[in-house]
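Trainee:
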Amino acid sequence: MNADFLVSMRLAILIGLAAGPVGASAQALLLTSRQPAPMATQVPRTSAVTLTFSQPLGAASASAVQVFSQQRGGRLMGARTLSGNALTLQPQRAFRPGETLWATATTAAQTASGTALARPQV
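Positions 1 to 122 (full-length UniProt numbering) are the ones given, in order, by the sequence shown.
Structure, rendered in structure tokens:
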């Protein structure tokens, strides 16, 4: 084999290794906490629902929090706010005594660079 070819091939391999693996992606976006905590029983009726993520969220993520109530028969409406890595829904009406809620983070949650939550979280 030609010595120049071997040098070129080694250089190409080294450049490839320095660039990182092919298809490397940004750090995954994770849901790190929920308030009120899952299975909480002593929650003030006027509480907001806050989902906290592993990275700051992009502006388009405001719709990614959805809260559902079995007693009210569906999705609760309210004001959504986004602050850094926290996404909050303040329901329009106070929770009912003993009400069971499900808070969902949808795949609309994404970082400013566009890395989305891999799958919905309940």
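In this text, a Cβ means the ideal position worked out from N, Cα and C, and glycines have one as well.
Roughly how many angstroms separate the alpha carbons of serine 33 and arginine 93, rounded to a whole number?
Mentor: One C-alpha to the other measures close to 23 Å.
Trainee: In angstroms, rounded to a whole number, what distance separates the CA positions of alanine 28 and serine 54?
Mentor: Spanning the two alpha carbons is a distance of roughly 8 Å.
Trainee: Give a yes or no on whether the C-beta atoms belonging to serine 61 and glutamine 121 are separated by under 7 Å.
Mentor: Taking 7 Å as the Cβ cut-off, serine 61 and glutamine 121 do not qualify as a contacting pair.
Trainee: Keeping to the same chain, check which residues put their C-beta closer than 6 Å to that of alanine 86; ignore five residues upstream and five downstream.
Mentor: Result list for alanine 86: Thr50, Thr52, in chain order.
Trainee: Can you check the segment 17-67 for any beta strand (DSSP E) of at least 3 residues that lies completely inside it and give the ranges in chain order?
Mentor: Listed in chain order, they are 31-35, 49-53.
Trainee: Under a Cβ-count criterion, where at least 16 other Cβ atoms within 10 Å of its own Cβ denotes burial, should serine 113 be classed as buried or exposed?
Mentor: Looking at its Cβ environment, which holds fewer than 16 other Cβ atoms inside 10 Å, serine 113 is exposed.
Trainee: Run the CB neighbour count on proline 91, radius 10 Å, all protein chains shown included, and call it buried at 16 or more, exposed below.
Mentor: Proline 91 comes out buried.
Trainee: My understanding is that glutamine 66 touches threonine 104, with C-beta atoms under 8 Å, so please give their C-beta distance in whole angstroms.
Mentor: Indeed they touch by this definition, with Cβ atoms about 5 Å apart.
Trainee: Give the straight-line distance between the Cα atoms of leucine 76 and phenylalanine 68, rounded to the nearest whole angstrom.
Mentor: In a straight line, the C-alpha of leucine 76 is about 6 Å away from that of phenylalanine 68.
Trainee: My understanding is that glutamine 48 touches alanine 108, with C-beta atoms under 8 Å, so please give their C-beta distance in whole angstroms.
Mentor: Before going further, note that residue 48 is alanine rather than glutamine in the sequence given. That belief does not hold up - the Cβ atoms of alanine 48 and alanine 108 are roughly 19 Å apart, past 8 Å.
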